[in-house]
Amino acid sequence: MNIADYSVTKAVLDRHGFTFKKSFGQNFLTDTNILRKIVDTAEIDEQVNVIEIGPGIGALTEFLAERAAEVMAFEIDDRLIPILAETLERFDNVQVIHQDILKADLQTQIQQFKNPDLPIKIVANLPYYITTPILMHLIESKIPFTEFVVMMQKEVADRISAEPNTKAYGSLSIAVQYYMDAKVAFIVPKTVFVPAPNVDSAILKMVRRSQPAVQVQDEDFFFRIAKASFVHRRKTLWNNLTNHFGKSDAVRQKLETALAQADLAPSVRGEALSLEGFARLSDALKEQGL
Ligand code: SAM
Numbered sequence: 000m001n002i003a004d005y006s007v008t009k010a011v012l013d014r015h016g017f018t019f020k021k022s023f024g025q026n027f028l029t030d031t032n033i034l035r036k037i038v039d040t041a042e043i044d045e046q047v048n049v050i051e052i053g054p055g056i057g058a059l060t061e062f063l064a065e066r067a068a069e070v071m072a073f074e075i076d077d078r079l080i081p082i083l084a085e086t087l088e089r090f091d092n093v094q095v096i097h098q099d100i101l102k103a104d105l106q107t108q109i110q111q112f113k114n115p116d117l118p119i120k121i122v123a124n125l126p127y128y129i130t131t132p133i134l135m136h137l138i139e140s141k142i143p144f145t146e147f148v149v150m151m152q153k154e155v156a157d158r159i160s161a162e163p164n165t166k167a168y169g170s171l172s173i174a175v176q177y178y179m180d181a182k183v184a185f186i187v188p189k190t191v192f193v194p195a196p197n198v199d200s201a202i203l204k205m206v207r208r209s210q211p212a213v214q215v216q217d218e219d220f221f222f223r224i225a226k227a228s229f230v231h232r233r234k235t236l237w238n239n240l241t242n243h244f245g246k247s248d249a250v251r252q253k254l255e256t257a258l259a260q261a262d263l264a265p266s267v268r269g270e271a272l273s274l275e276g277f278a279r280l281s282d283a284l285k286e287q288g289l
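In structure tokens form, the structure reads like this:
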């Protein structure tokens, strides 16, 4: 018997009179095959510490705890804390932390692992309403995790892992791929959750690169340029950049020089530029003092 077995999940929810909170993105997994596949994809073993975001009633936590050295699970909903104490009672390698992951001081928290020197992986069935803020918060937190294996809305997974010249490619692809190698591992149908979400889901596997995908003079500026280049997707780079920097003759002159220096035609669209293209562009714009 597993927590994720539908009959067990239902019994736990009924016993505690639990009602789902949509505002917390609560869609609980009730398919043990999918859970096994997630843990396999994350290649969890006793030499790995795991951070989980949103354990719910512990469906995924149970599978993680059976294989990992230790699991630290952050849950925002106070109603779930006593439930987790009950469902995960048999494990001595799980710490449930009652906290909003976006407010957690992760650097300090990870010192609470019994063996803080083991590699850290982040594995979660994410609350979909804050998928992107969570990913960016964790990536930018500088905690030394080696990979993320997370469930999210399929459409967001496609955007993160997208290649240039596709509809899904945009500033989110660039923001994540700068740090991580991202691939969709498998698709998950709506039917395996209670309650079923409105959208299909995907497991995205993101492995941290040993160094960023491209070298740039100024990271913040690079991300700003990538964002500005996709504000109007159907417009050219030239249009998006003049919207961003202004249309004066002086700006136009600098933009022309920078684009030529980066070997880019003004008529090109942002979606055609690889990370290398954006790196060349942002360095050239910076050199022009923009
Ligand atoms: N892991 C469980 C499963 O797979 O069945 C539950 C996943 S459910 C999609 C998302 C979980 O994240 C819920 O338990 C929800 O309460 C929790 N959550 C939502 N926002 C959160 C936040 N900001 N910090 C921590 N947990 C959060």
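Residue numbers (numbering that gives the first Met the number 0): 0 to 289.
Quick reminder that beta carbons are idealized off the backbone N, C-alpha and C, glycines included.
Per DSSP, what kind of secondary structure is residue i in: helix, strand or coil?
i: S140; result: coil
i: M71; result: strand
i: H231; result: coil
i: Q216; result: coil
i: D180; result: strand
i: R268; result: strand
i: V198; result: coil
i: E65; result: helix
Confirm the yes/no value for this check: CB of residue i, any heavy atom of the ligand SAM, distance under 7 Å.
i: A58; result: yes
i: N124; result: yes
i: F147; result: no
i: I52; result: yes
i: F61; result: The sequence shown places Glu at residue 61, not Phe. Because no heavy atom of the ligand SAM lies under 7 Å away, the Cβ of E61 does not count as near it: no.
i: N26; result: yes
i: E291; result: No answer is possible for residue 291: the residues shown for the chain start at 0 and end at 289.
i: D30; result: no
i: I129; result: yes
Using CA atoms only, rank isn't needed, just tell me which of the options is closest to residue i.
i: N48; options: N124, N92, Q98; result: N92
i: E146; options: F244, K21, T18, R207; result: R207
i: I75; options: A67, L59, Y177, G53; result: G53
i: E42; options: V149, Q106, I2; result: V149
Rounded to a whole number of angstroms, what is the C-alpha to C-alpha distance between residue i and residue j?
i: R158; j: M205; result: 13 Å
i: P126; j: P188; result: 16 Å
i: A195; j: G24; result: 11 Å
i: F62; j: F185; result: 18 Å
i: D290; j: Q152; result: This structure gives no information on residue 290, because the portion of the chain shown stretches from 0 to 289.
i: M0; j: A167; result: 40 Å
Could you tell me how far apart the beta carbons of residue i and residue j are, in whole angstroms, since I believe they sit closer than 8 Å?
i: V95; j: I119; result: Between I119 and V95 the Cβ distance is about 17 Å, and since that is not below 8 Å, they are no contact.
i: L87; j: H136; result: Contact flag wrong, Cβ pair sits at about 25 Å.
i: N32; j: F192; result: N32 to F192, Cβ: 14 Å. No contact.
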